[in-house]
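According to the UniProt record's numbering, the residues represented by the sequence shown are 1 to 444, in order. Quick reminder that beta carbons are idealized off the backbone N, C-alpha and C, glycines included. Let me begin by presenting the structure, written as structure tokens, before commenting on it.
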Amino acid sequence: MNVDKKVAFYTLGCKLNFSETSTIARNFVNEGFERVEFEEKADIYVINTCSVTDNADKRFKSIVKSALKKNEEAFVIGVGCYAQLKPEELAAVDGVDLVLGATEKFNVTSYINDLTKNDIGEVHSCEIEDADFYVGSYSIGDRTRAFLKVQDGCDYKCTYCTIPLARGISRSDTLENVLKNAKEISEKGIKEIVLTGVNIGDYGKGEFGNKKHEHTFLELVQALDKVKGINRLRISSIEPNLLKDETIDFVSNSNTFVPHFHIPLQSGSDELLKKMKRRYLRKVYTDRVAKIKEVMPNACIGVDVIVGFPGETDELFLETYNYLADLDISYLHVFTYSERPNTEANEMDGVVPKKTRAKRSKMLRGLSVKKRRAFYESQLGNTLTVLFESENKEGYIHGFTENYVKVKAPWNPELVNTLHTVMLTKIDEDGLVRFDFADTEVIA
């Protein structure tokens, strides 16, 4: 047993990474380690990396430094997407002892024989073709909601993306295991589950990535809706071509699925969508948004968009900008295109200058602020349900309505992780929404 040995974790990147960090952490605890906060002194620091943004690559080094400041003898481990794509690069970072790729990260405890620091990081990283089995995971204990992983990997060949190289082929958890994990989460008193994966609409491809779908995404959603004890289920991000009308209709009448969709667009120009090798054109996206708003007028719709992709002229950027300005959506996640080795886009002509990329990003982020504000204004006077978060933020408690309006109220610890019916009244100067309680007792 590893009694008295302390381990701390740091997660970069997406919700999927958070769910996987939690699973890895539970493995450590089961082996007798004590989990502590990353800010504390620990014997082992595990950093779960991301490869989607440049920033995440650079941040790894500073996180390693901050870990070693707390304990210069600490054993430092890098796992996750960047560890799969560039293991040697991570291993060469000063102070890193062990780097584990896509298939090895879930067995991290079996790679730790002793905690003596290495002169250069030891690498265990499979060929990504070998990442063909599925490891289920979910995160709890971090927040009032849990991220439940249902799918991993991606078979799409988008020309800007390294995720298939970092995570392998598309493969899914069994429906039985997803339901078991959902029940475990609900028994821990967590009120909201967010479904997560790399390409969750592709759910159903077998554990080994075989193409026969045992179950569809719609069947997954229908089965989860019946799990007792869960108040809210949220779909994280789903490709527009995989978000079918039947799923939208089901969510609109569901007991627990909330009216919130996050749908990657990437570009409002058909010309660029083709260059990106996305699997839809703009009309499909327009139809999805129209369908959602037809059956759920108050639904929140978030959009991913990339600026500065090779070949994005001023005209094509404005095509995207104007398309989004006219679309009935609620907010944007704006990504500035960054070159990635081993991707097709990296070899393309028409490179957009960095300054132009930054300017376009700023324009779209400004549009996002306006969109969110307009959406929040449209919700004033509505009676909605809020799940309150657990943090005291400068004397306020925050929470989210089912359709993802962020609200605030003076800090009250009794509200933490409770659901209340409220009426939205006004938008504060910081952009968050104030409310009046519409119930006298807690819903759950």
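How should residue i be labelled, buried or exposed, when 16 other C-beta atoms within 10 angstroms of its C-beta is the threshold for buried?
{"i": "G197", "result": "buried"}
{"i": "A25", "result": "buried"}
{"i": "G13", "result": "buried"}
{"i": "G366", "result": "exposed"}
{"i": "V33", "result": "The residue asked about is misnamed: residue 33 is Phe in this sequence, not Val. Its Cβ being crowded by 16 or more others within 10 Å, F33 is buried."}
{"i": "T401", "result": "buried"}
{"i": "E377", "result": "exposed"}
{"i": "E20", "result": "buried"}
{"i": "F437", "result": "exposed"}
{"i": "A345", "result": "buried"}
{"i": "residue 449", "result": "Any question about residue 449 goes unanswered here, given that the chain covers just 1 to 444."}
{"i": "A91", "result": "buried"}
{"i": "P297", "result": "exposed"}
{"i": "V405", "result": "buried"}
{"i": "E312", "result": "buried"}
{"i": "K274", "result": "exposed"}
{"i": "S110", "result": "exposed"}
{"i": "V369", "result": "exposed"}
{"i": "G395", "result": "exposed"}
{"i": "V29", "result": "exposed"}
{"i": "G302", "result": "buried"}
{"i": "E187", "result": "exposed"}
{"i": "A146", "result": "buried"}
{"i": "D245", "result": "exposed"}
{"i": "E414", "result": "exposed"}
{"i": "G308", "result": "buried"}
{"i": "D202", "result": "buried"}
{"i": "V7", "result": "buried"}
{"i": "N253", "result": "exposed"}
{"i": "S139", "result": "buried"}
{"i": "E339", "result": "exposed"}
{"i": "E239", "result": "buried"}
{"i": "S62", "result": "exposed"}
{"i": "K183", "result": "exposed"}
So, using beta-carbon positions, are residue i and residue j closer together than 9 Å?
{"i": "K108", "j": "F60", "result": "The question names Lys, but residue 108 is Val in the sequence shown. No, the pair does not count as a contact, with Cβ atoms beyond the cut-off."}
{"i": "N71", "j": "T11", "result": "no"}
{"i": "L85", "j": "S51", "result": "yes"}
{"i": "N210", "j": "L242", "result": "no"}
{"i": "A74", "j": "K41", "result": "yes"}
{"i": "T144", "j": "K191", "result": "yes"}
{"i": "G78", "j": "L100", "result": "yes"}
{"i": "A409", "j": "R373", "result": "no"}
{"i": "residue 454", "j": "K205", "result": "Any answer about residue 454 is impossible in this case: the structure gives the chain only from 1 up to 444."}
{"i": "L218", "j": "V178", "result": "no"}
{"i": "V76", "j": "V64", "result": "yes"}
{"i": "A83", "j": "F38", "result": "no"}
{"i": "I306", "j": "T343", "result": "no"}
{"i": "D43", "j": "K5", "result": "yes"}
{"i": "L387", "j": "L419", "result": "yes"}
{"i": "C158", "j": "K277", "result": "yes"}
{"i": "L175", "j": "S236", "result": "no"}
{"i": "R279", "j": "Y156", "result": "yes"}
{"i": "V123", "j": "P164", "result": "no"}
{"i": "T256", "j": "I230", "result": "yes"}
{"i": "L220", "j": "V150", "result": "yes"}
What residues are listed by DSSP as bridge partners for residue i?
{"i": "L148", "result": "Y138, L195"}
{"i": "D436", "result": "M423"}
{"i": "N382", "result": "Answer by DSSP bridge pairing: none, since N382 is not bridged."}
{"i": "N48", "result": "T11, V79"}
{"i": "H398", "result": "K408"}
{"i": "R35", "result": "V7"}
{"i": "R171", "result": "D152"}
{"i": "K205", "result": "Y203, H213"}
{"i": "L100", "result": "H124"}
{"i": "L85", "result": "Paired residues: none, contrary to the question."}
{"i": "K180", "result": "In DSSP, K180 forms no bridge with anything."}
Would you say residue i touches the ligand ZN, meaning its beta carbon is less than 8 Å from a heavy atom?
{"i": "E312", "result": "Ligands displayed in this structure: none; no statement on the ligand ZN is therefore possible."}
### Task
Could you say if the segment 419-432 and the segment 375-388 meet the contact criterion of at least three C-beta pairs nearer than 8 Å?
The segment 419-432 is in contact with the segment 375-388.
### Query
Does the segment 323-334 touch the segment 277-295, meaning 3 or more C-beta pairs lie closer than 8 Å?
Output reads yes: the segment 323-334 touches the segment 277-295.
### Task
Check whether the segment 254-261 touches the segment 269-284, taking contact to mean three or more Cβ pairs, one atom from each stretch, closer than 8 Å.
Taking a cut-off of 8 Å on C-beta distances, the segment 254-261 does not touch the segment 269-284, as fewer than three cross pairs fall below it.
### Query
Are at least three pairs of beta-carbons, each pair with one atom in the segment 341-355 and one in the segment 318-325, less than 8 Å apart?
Touching, no.
### Query
Can at least three beta-carbon pairs, one atom from the segment 223-230 and one from the segment 263-273, be found at a separation below 8 Å?
Taking a contact to require three or more Cβ pairs closer than 8 Å, the segment 223-230 and the segment 263-273 do not qualify as touching.
### Those runs of the beta strand (DSSP E) which lie wholly inside the segment 224-309 and span at least 3 residues
If we require 3 residues or more, the beta strand (DSSP E) runs fully inside the segment 224-309 come out as 232-235, 260-266, 300-307.
#### Entry: Ranges of the alpha helix (DSSP H) found wholly within the segment 304-364, counting only runs of at least 4
Fully enclosed alpha helix (DSSP H) runs of 4 or longer: 314-326.
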